[in-house]
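Structure, rendered in structure tokens:
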């Protein structure tokens, strides 16, 4: 696989988790995944 594609897919998954956590009201989970997304 292309290295850039993997990075974009990983970022996409992290942002999806952030959105789901925000929707569910789980701020702790949201902050953790947002921190991971910012590292990428």
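Residue numbers (our numbering): 18 to 57.
From the three backbone atoms N, C-alpha and C, an ideal C-beta is built for every residue, glycine too.
Keep in mind the model is a prediction, meaning the values are calculated, not measured.
Is it true that the region 18-26 meets the region 36-48, where meeting means three or more beta-carbon pairs spaced less than 8 Å apart?
no
Do residue 32 and residue 54 come within 8 Å of each other at the CB atom, strictly closer than that value?
yes
If I follow the unbroken alpha helix (DSSP H) through residue 21, where does it start and stop?
20-41
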